[in-house]
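Remarks on the structure that follows.
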Amino acid sequence: MTRVWPPRGTVMMKKSLQYIPFFNFASWLANAIFIDRYNHEKAMAQIDYCVEKLKSKNLKIWIFPEGTRNHGDGLLKFKKGAFNIAVRGGFPIVPIVLSNYRPFYSKTEKYFKSDGEVIAKVLSPISTEGVSFPLKFN
């Protein structure tokens, strides 16, 4: 991921991760944006906060739209937050497709059991111009 990470990049992650020792400090240094996934009202309010932080600090944000790791085949349902942030801020969406890491990751023991390679493909940006906020998904 570090090879495709944009300059002035940050990440969005679930709020509970900010309480993990050392990880929380690294997240703070990286200007991470924490989101409360379990409180819809707070999450919606955080969209404006996120847009303001991205604009004021001139940051690029890396968001995993499925909201979690996926150990199965195919995609999980996308969360709305990433798209609402892009639309609200007028930011383009740059899709990045990552290859599977299952061949060298132990799902039961939750660690990488051997070296491996993850391939990242950066696709063309998608404009959010003309899209209305908030997005409604079916």
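The opening residue of the sequence shown carries number 1 in full-length UniProt numbering; numbering runs sequentially from there. Cβ coordinates follow ideal geometry from the N, Cα and C atoms, glycine included.
Val51 and Ile93 do not touch by the CB rule: their CB atoms are close to 14 Å apart, not below 8 Å. Secondary structure at Ala86: helix, using DSSP grouped into helix, strand and coil.
Within its own chain, the residues whose Cβ lies closer than 8 Å to the Cβ of Arg102, once the five positions on either side in sequence are excluded, are His71, listed in chain order. Take the alpha-carbon of Pro7 and the one of Lys55: they are about 14 Å apart.
Residues Thr128, Glu129 of the same chain have their beta carbon placed closer than 8 Å to that of Gly90, with the five preceding and five following residues left out of the count. In the structure shown, Lys55 falls within a helical segment according to DSSP collapsed to helix, strand and coil.
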